[in-house]
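In my numbering, the protein residues as written are 14 to 213.
Okay, here's the thing in structure tokens:
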């Protein structure tokens, strides 16, 4: 099957509810989306979060997705909207919440603090689950993932550091992510980013 035909097939499978198709679409476009996001705002954490949100929304609203779309263009436009929305949220006036001692948006401080707490708890649980699965990988797979998600290195540089071919570096990361996905979730990128950040 030709690449474009394969993407169209995956898109149709996603619309039917396939989380595997969602993961395959992510694998195909993750690097493109990350590079596009970094050109827009240059904030790695923001871009990773927006990509994660994009794929969660794709699955959540899969029944509303149109059949005949250019998947690449759709994803790029959606990511740009997510980033712009997050930027506007960050520009909201802040006030000092005496309970938490932190600055929170003035629009709805109570809800914002509650959402932040829930998000923190979910992220902690994700990291613990990911760590358990991460320990099942080989040393080479763990090294490749660390270079990709912790240091943000391209496949060519990963290959040079690990003394393997570029294709082998891609395969190591692909198989590691595929293995983790069995125990974790289709959208893995943000969890990996959070995991390596906590390990630093």
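Note that the Cβ used here is the ideal one computed from N, Cα and C, for glycine as well.
Buried versus exposed call for residue i [16 or more other C-beta atoms within 10 Å across all chains shown]
| i | result |
| --- | --- |
| residue 50 | buried |
| residue 22 | exposed |
| residue 83 | exposed |
| residue 187 | exposed |
| residue 62 | buried |
| residue 152 | exposed |
| residue 97 | exposed |
| residue 44 | exposed |
| residue 148 | exposed |
| residue 48 | exposed |
| residue 157 | buried |
| residue 80 | exposed |
| residue 108 | In this prediction, residue 108 has a pLDDT of 44, which is less than 50 and means its spatial position is unreliable; what the coordinates show is noted afterwards. When all chains shown are included, residue 108 counts as exposed. |
| residue 162 | buried |
Opening and closing residue of the alpha helix (DSSP H) in which residue i lies
| i | result |
| --- | --- |
| residue 60 | 57 to 73 |
| residue 170 | 168 to 175 |
| residue 35 | 32 to 53 |
| residue 157 | 152 to 158 |
Contact under 9 Å by Cβ, residue i with residue j
| i | j | result |
| --- | --- | --- |
| residue 27 | residue 85 | no |
| residue 91 | residue 69 | no |
| residue 182 | residue 192 | no |
Nearest-angstrom Cβ-Cβ length linking residue i and residue j, presumed shorter than 8 Å
| i | j | result |
| --- | --- | --- |
| residue 189 | residue 160 | At roughly 11 Å, the Cβ-Cβ gap does not stay under 8 Å, so residue 189 and residue 160 are not in contact. |
| residue 53 | residue 25 | Not quite, the Cβ-Cβ distance comes to about 29 Å (not below 8 Å), so this is no contact. |
| residue 46 | residue 72 | The pair is not a contact, with the Cβ atoms about 16 Å apart (cut-off 8 Å). |
| residue 42 | residue 88 | 6 Å |
| residue 168 | residue 177 | Residue 168 to residue 177, Cβ: 10 Å. No contact. |
The ligand COA heavy atom lying under 8 Å from the CB of residue i
| i | result |
| --- | --- |
| residue 84 | Of ligands this structure carries none, so the ligand COA is not represented either. |
Is there contact here, the region 52 to 67 with the region 15 to 31, by at least three beta-carbon pairs under 8 Å? By the criterion of at least three beta-carbon pairs nearer than 8 Å, the region 52 to 67 is not in contact with the region 15 to 31.
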